[in-house]
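Q:
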Amino acid sequence: MTAYNQTFVRPSAYLTMPFAFPTFRHPPLVTHGTGAIKSLAGGDRWPDTVLFVSGAAPVHAYLGQAWAKAGPALDSIRTVIKPAGEPSWEMCLAAADVLRNARPRRIVAVGGGAVLDGARLAWLIAVDALDANGRLTEQWQERRRHLELVLVPTTCGSGAEAATIAVLSLDGRKVPVVSPALLADEVVLDSRFLSSVDEFTLACSLADALSHAFEAWMSIVPGRLAKEAAISCLRLILSDGQAYDRHARLMDAGFLGGLAAAHCSVGLVHAFAHSIARFGVGHGHANAVALLPGLRRMLARPNAPELLAAIGMTPDGLLSRVSDLIRPALQRELPSPAAAVLADARDRQQLGEVIVADPCMRTSAVTAEDLDMEAWLGEIRDRAPAQC
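When you line the sequence shown up against my numbering, it's residues 560 to 947, in that order.
#1: Could you check which residue in H585, I684, K597 has the C-alpha nearest to that of A629?
#2: Going by DSSP, name the residue or residues bridged to V669.
#3: From G816 to R664, what distance separates their C-alpha atoms?
#4: When burial is assigned at 16 or more other CB atoms within 10 Å of the CB, is N660 buried or exposed?
#5: What is the rounded straight-line gap between the Cα of L784 and the Cα of D929?
#6: Helix, strand or coil for V657, going by three-state DSSP, please let me know.
#7: Classify A655 as buried or exposed, calling it buried when 16 or more other Cβ atoms lie within 10 Å of its own Cβ.
#8: In angstroms, rounded to a whole number, what distance separates the CA positions of E645 and G843?
#9: Going by CA-CA distance only, name the one from C651, G594, T922 that's closest to D690.
#10: Excluding sequence positions up to five away, which residues of its chain have a Cβ less than 6 Å from the Cβ of D744?
#11: Just how far apart, CA to CA, sit V639 and L854?
#12: In chain order, what residues of the same chain lie with their CB nearer than 7 Å to the CB of P887, ignoring the 5 residues before and after it?
#13: Is the segment 817-834 in contact with the segment 907-919, if contact means three or more CB pairs nearer than 8 Å?
#14: Relative to the alpha-carbon of V900, which residue among D767, A681, G937, L866 has its alpha-carbon at the smallest distance?
#15: Tell me which residue opens and which closes the alpha helix (DSSP H) that A735 is part of.
#16: Would DSSP call Y563 helix, strand or coil?
#17: Take A740 as the anchor and find which of L680, F752, G782 has the nearest alpha-carbon.
#18: If contact is defined by three or more beta carbon pairs under 8 Å, each pair taking one atom from either stretch, is the segment 788-798 in contact with the segment 810-829?
#19: The alpha helix (DSSP H) with R855 in it runs from where to where?
#20: Quick check on H705: buried or exposed, where buried means 16 or more other Cβ atoms within 10 Å of its Cβ?
#21: Can you give me the Cβ contacts of V609 inside the same chain, cut-off strictly under 7 Å, excluding the 5 residues immediately before and after it?
#22: Would a C-beta distance cut-off of 9 Å place G670 and V711 closer than the cut-off?
#23: Around the C-beta of F580, are 16 or more other C-beta atoms found within 10 angstroms, so that it is buried, or is it exposed?
#24: So, are the CB atoms of D917 and H829 less than 9 Å apart?
#25: How should L893 be labelled, buried or exposed, when 16 other C-beta atoms within 10 angstroms of its C-beta is the threshold for buried?
#26: Answer with buried or exposed for N846, where buried requires no fewer than 16 other C-beta atoms within 10 angstroms of its C-beta.
#27: If I follow the unbroken alpha helix (DSSP H) through V787, where does it start and stop?
#28: If we call anything under 9 Å between Cβ atoms a contact, is T922 one with V825?
#29: Going by DSSP, which residues form a beta bridge with A725?
#30: Measuring straight from C-alpha to C-alpha, what distance separates K641 and A859?
Next up, the structure:
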């Protein structure tokens with residue numbers, strides 16, 4: 560993530576600080592296309608590999624099918640099946656024990672963002688590079704040279720496969736862990752994983768990817784390469800064209816959105832998602848309910864016409880298209896604790912204070928000073944169905 564003296568500042572302050580060029584870190588190898596997971600099937604690396612994988616049955620079924628001829632039998636691989644939920648310290652500590660015993664030379668993680676984050680965090684714990692408060696030590700540097708890290712997303716939203724960031728859940732808070740050690744050596748983008756994803760989950764993933772792209776492009780953090788990745792992400796998701804398979808297009812877009820967010824950070828919508836998570840709202844679902852109200856505020860910024868020109872859309876056309884894409888997520892009820900918070904004026908005020916304190920607000924194009932928080936949260940409340 561590009562920073563000036565490791566601190567995010569407003570553009571006017573850049574003039575008084577030492578100059579630094581933006582940087583662009585990315586996985587050196589990306590294998591992509593329908594059936595790309597087969598590229599991992601052969602070779603002699605599996606005895607030295609630990610596989611982290613989602614517990615979802617369709618993921619296991621597809622891996623077994625894809626590797627049936629040339630790959631290893633799944634039951635012959637040392638495997639960590641991630642439990643449900645965000646990666647907590649306890650969850651990652653248990654996985655770290657497996658890594659300490661196995662001492663693998665390769666980790667392959669197959670799953671959504673929580674699986675990819677959990678695998679990387681477990682490795683940091685296993686080499687004594689991460690403590691229980693989410694703080695990094697320098698222990699990883701030598702040991703990372705001897706590990707190959709392969710990340711295979713099964714959703715198209717988190718962008719975790721592209722990032723040097725993993726999110727640890729600590730006491731209901733989401734703590735970002737940032738380190739070059741988290742960058743994958745190889746990413747595999749196989750669109751067939753999306754064929755078993757239901758409409759709600761896909762809409763949540765698209766909301767997350769769209770938020771990454773919009774907020775990274777609008778972010779105050781400079782980085783032209785990353786912002787071009789954001790534009791490419793938006794074009795791929797918003798396109799009605801049939802240039803290539805839709806699922807392949809969305810998987811590629813999720814990767815590009817992750818690259819953009821990893822370098823330029825995000826903003827208001829993600830700050831809301833992080834803050835409401837403690838009330839049982841999934842990350843993608845939270846992004847979905849906040850995206851349109853957040854996007855309206857972003858479109859009021861002075862640089863919005865440049866964004867619209869780059870993707871070839873009008874404000875109304877963009878809002879309509881995004882609404883269509885994420886509608887299945889908007890139609891899903893929020894968990895009752897979250898709905899209760901949004902319904903109560905005092906709770907909304909407290910939620911607004913938590914949002915303002917979220918680190919994502921440091922890079923947000925829409926600042927706390929620009930925002931009528933009560934009106935914005937009221938708009939989110941009115942758009943989100945509540946559980947009875």
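Glycine is no exception: its CB is placed at the ideal position from the N, C-alpha and C atoms.
A: By the coordinates alone:
#1: K597
#2: V612, V711
#3: 29 Å
#4: exposed
#5: 27 Å
#6: helix
#7: buried
#8: 12 Å
#9: Of all alpha-carbon atoms in C651, G594, T922, the one lying nearest the alpha-carbon of D690 is that of C651.
#10: E707, L708
#11: 38 Å
#12: So the qualifying residues of the chain are E758, F759, A762.
#13: The segment 817-834, when compared against the segment 907-919, does touch it at the 8 Å Cβ threshold.
#14: G937
#15: Per the sequence shown, the amino acid found at residue 735 is Pro instead of Ala. Where P735 is concerned, there is no enclosing alpha helix (DSSP H), although the beta strand (DSSP E) it sits in stretches over 732-737.
#16: Because the pLDDT of Y563 is 27, which lies under 50, any placement of that residue in the model is unreliable, and the number read from its coordinates should be weighed accordingly. Y563 falls in the strand class under three-state DSSP.
#17: L680
#18: yes
#19: 842-858
#20: exposed
#21: R637, V639, V657, L658, A661, P663, I666
#22: yes
#23: exposed
#24: Going by C-beta atoms, D917 is nearer than 9 Å to H829.
#25: buried
#26: buried
#27: The sequence shown places Glu at residue 787, not Val. Looking at the DSSP string, the run of the alpha helix (DSSP H) that includes E787 is 783-797.
#28: yes
#29: V736
#30: 41 Å
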